[in-house]
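Asks: First the structure, which I've put down as structure tokens, then a few questions once you've had a look.
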DNA sequence: GTTAGCACTCTACTTTGATGAGTGCTAACA
DNA sequence: TGTTAGCACTCATCAAAGTAGAGTGCTAAC
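Chains as they are written, first to last, in the numbering used here: chain A, 130 to 478; chain B, 130 to 478.
Put into structure tokens, the structure is as follows:
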């Protein structure tokens, strides 16, 4: 059977209506709409065809039709028209970003906040990943006899702290000197390169302080491979109550549990950060817990390198056009801000 | 009317039962209980008295009684018996803490996790506050022409980062030198003292780099007065679904919103960090949004100084005895860990 | 002071019936 | 051959009515 133009038009109308109202769309409702000159009976025939083709589903015999995941996929790929945000909304987004920024984490939290408020869905933001960053400075700070704080600062302004335990006998001035040496040798290198460089350039020191250097290398390593949970920021979890799908308290609880674990979210966003833009609808999601939802993600970058991603989790019945528009705008604002406050005109050039 | 021993015994039984089951307690239910040799009719009379005295409430005429906030207050102060956790549970708590710790934030997140799992309530943890900490090191890192990253490291191992904008003309080596000077002059001082010390000891530098030093002092200041939201870690928000009080979706939504704002939570915990232990029941809470809940908090400390607090938010009908026991144990474990890995044997002694 | 008995109250649950939105099918129409 | 009107049928939703059960307050007797 062919999906001719009329079928597409009707399917789009059904999806638009269902996204808006959330109630199954009946043939009469549709025939009464502006621009539809065909009778409900005809629409019923078309609907029957669309159902046969897998685009529509019926909750029960005497209810209207609802779009299937397949229909949403078609909608997203071909049918939907992207709305541009009103200038007012763009200003509103930029305004929120435009307050005094003292930490990069502020930016992340604000992003989550903006997205959830603008879309009324749950937002997720993956904090900048260290993988591709180059080092700016390493600072060792002696806390007590056996504990040393390692501060790893990248040229993108990210700071990670790691605590390592050392044999006593490392005094503060030695650590200061070492900090300077490490900074000098490792600046401009990626973390991976830094690990190797330490093993090559600090052979002498490694002999006398083997355990210390092992810990140090481990710290660097641990910084690259992030502990999934910590780099995820959630926003608007309360929006879960907007989804009729989660009126069932037990389901809602299970879903919140998944969100709280953050393990899945991290994997999803980490995957997503390889693509400019991605939309996963219902069963397309790789994880069972998400097969009832859709996930839309985008990435942000510094110097043209993708360093993190952000997105929206909601019911498959979400306003994809709007969500995409919002993410697009947020992405643009985010890139501007990030490149404005770090490294763009770094003194390394 | 006097609250004699029999009345207290009956009241305690009602509270115990209601905490356990969550359904209003009837006179017959109670009279059938082990250890009660009095008839339901007698109990009814006592109940009527207790209601008159304000300890009990009736949801409707033909329902059993439920305890009032006043009753819980009496229960907490006089009636309840603290249960000690089983050795198994103590071990379980310590086990979770006992994994590799690389950052102090890990400890905070784990604490929230442990508490919510052990009590089945929502947990809140206030990250260590900088107020009373002394400085260990200040490190200035030049990111680009106009941005400098300020790292403030306390002797308790806390690290705060602030980004400041500067006029160009500060080169990296000058900042390095300044970092060392600042560290030398300010080490061992509290942040408040440090602010003053800068104004005194760096007069010469301040003349040439006025704007920079103003930003620097502002950073220190901002570190002491924490941005409420960021220092709060929540755990087990999903447990909200355990409370029949929040079966009503709108109420649950409103409550989640309050939790997400974190503003209130911060104020509560900040207040609480002045007291060793505190229990606020229902209307005793200073904030309207919390008047349906009880909040139990405790503090943790380093070197005998309270530096943060943690607690549980739940319905007034919560198992106070157990919650107190759990918080007590978590507090002990937390103190041990924190003093073990920072500053206890600092080289300043 | 304690208890048994009884009438009364109120919630929660089940049953029943009515309503209406929506469908599929058939036959007639252009 | 595609479109439409008509009709019987299905099913969820809602309101009304009835039932069961837990619990109370009051009174009178022990």
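Note that beta-carbon positions come from the ideal geometry of N, C-alpha and C, so glycine has one too.
#1: Against chain A, does residue 290 of chain B count as a neighbour if the rule is that its beta carbon must be under 8 Å from one of theirs?
#2: From the DSSP output, in three-state form, read off residue 403 of chain A for me.
#3: Mind checking the stretch 377-410 of chain B against chain A and listing, in chain order, the residues whose C-beta falls within less than 7 Å of any C-beta there?
#4: Taking only heavy atoms of the ligand ATP into account, decide whether any of them is closer than 7 Å to the Cβ of residue 379 of chain A.
#5: Can at least three beta-carbon pairs, one atom from the stretch 381-388 of chain A and one from the stretch 399-407 of chain A, be found at a separation below 8 Å?
#6: I need the boundaries of the beta strand (DSSP E) containing residue 444 of chain B, first residue and last residue.
#7: List the residues of chain A that residue 265 of chain B touches, going by C-beta distances under 8 Å, in chain order.
#8: So residue 250 of chain B and residue 368 of chain B are in contact, right, with Cβ under 8 Å, and what is the actual spacing, rounded?
#9: Leaving out five residues before and five after residue 401 of chain A in sequence, what residues of the same chain have Cβ atoms less than 6 Å from its Cβ?
#10: Consider the Cβ of residue 232 of chain A: report whether some Cβ of chain B lies at a distance smaller than 8 Å.
#11: Pick helix, strand or coil for residue 217 of chain A, following the three-state DSSP scheme.
#12: Ignoring anything shorter than 3 residues, give me the beta strand (DSSP E) runs that lie fully in the stretch 237-263 of chain B, in order along the chain.
#13: Who are the near neighbours of residue 453 of chain A in its chain, counting only those whose CB is closer than 8 Å to its CB and skipping five residues on each side?
#14: Just to confirm, is the Cβ distance from residue 378 of chain B to residue 248 of chain B under 8 Å?
#15: Tell me the rounded alpha-carbon separation between residue 149 of chain A and residue 140 of chain A.
#16: To the nearest whole angstrom, what separates the beta carbons of residue 449 of chain A and residue 219 of chain A, a pair I think is in contact under 8 Å?
#17: Under 8 Å, CB to CB, which of the residues in the stretch 314-325 of chain A have a partner in chain B?
#18: How many angstroms separate the CA atom of residue 309 of chain B from the CA atom of residue 299 of chain B?
#19: Can you tell me which of the three DSSP states residue 205 of chain B falls into?
#20: Secondary structure at residue 196 of chain B, three-state DSSP: helix, strand or coil?
#21: Tell me the rounded alpha-carbon separation between residue 151 of chain B and residue 154 of chain A.
#22: Less than 8 Å separating the beta-carbons of residue 176 of chain B and residue 194 of chain B?
#23: I want to see whether chain B comes within less than 8 Å of residue 286 of chain A, judged by CB atoms only; does it?
#24: With distance defined between alpha-carbon atoms, name the residue in A/170, A/164, A/182 nearest to residue 133 of chain A.
#25: For chain A, check one thing: does any of its Cβ atoms lie closer than 8 Å to the Cβ of residue 239 of chain B?
#26: Using 8 Å as the limit for Cβ to Cβ distance, is residue 367 of chain B near chain A?
#27: By the criterion of Cβ-Cβ separation under 8 Å, what are the contact partners of residue 282 of chain B in chain A?
#28: Between the Cα of residue 337 of chain B and the Cα atoms of B/297, B/376, B/351, which residue gives the shortest distance?
#29: Can you check whether the CB of residue 411 of chain B is closer than 8 Å to the CB of residue 421 of chain B?
#30: Counting C-beta neighbours from all protein chains within 10 Å, is the total for residue 302 of chain B 16 or more, i.e. buried, or is it exposed?
#31: How about residue 341 of chain B: is its C-beta nearer than 8 Å to some C-beta of chain A?
#32: With distances taken Cα to Cα, identify the nearest neighbour of residue 265 of chain B among B/283, B/278, B/293.
#33: For residue 476 of chain B and residue 447 of chain A, what's the separation of their Cα atoms in angstroms?
#34: Alpha carbon to alpha carbon, how far is residue 461 of chain A from residue 373 of chain B?
#35: When the distance is taken between beta carbons, is residue 267 of chain B closer than 8 Å to residue 315 of chain B?
#36: Please state the DSSP three-state secondary structure of residue 374 of chain B.
Replies: In short, the structure shows the following:
#1: yes
#2: coil
#3: 378, 381, 382, 385, 386, 389
#4: Judged by which ligands are present, the structure shown has none, so any question about the ligand ATP falls away.
#5: no
#6: 434-444
#7: 270, 272
#8: The pair is a contact, with the Cβ atoms about 6 Å apart (cut-off 8 Å).
#9: The residues are 407, 426, 438.
#10: yes
#11: helix
#12: 251-255
#13: So the list reads 211, 406, 408, 425, once near-sequence residues are dropped.
#14: no
#15: 14 Å
#16: Not confirmed; about 19 Å, so no contact.
#17: none
#18: 15 Å
#19: helix
#20: strand
#21: 42 Å
#22: yes
#23: Output row for residue 286 of chain A: interface = yes.
#24: A/182
#25: no
#26: Judged by the 8 Å Cβ criterion, residue 367 of chain B is in contact with chain A.
#27: 270, 278, 280
#28: B/297
#29: yes
#30: Taking all protein chains shown into account, residue 302 of chain B has fewer than 16 neighbouring C-beta atoms within 10 Å of its C-beta and is therefore exposed.
#31: no
#32: B/283
#33: For residue 476 of chain B, the pLDDT reaches just 36, beneath the cut-off of 50, and the residue's location in the model is therefore unreliable, although a value from the coordinates is still provided. About 58 Å.
#34: 44 Å
#35: Going by C-beta atoms, residue 315 of chain B is nearer than 8 Å to residue 267 of chain B.
#36: helix
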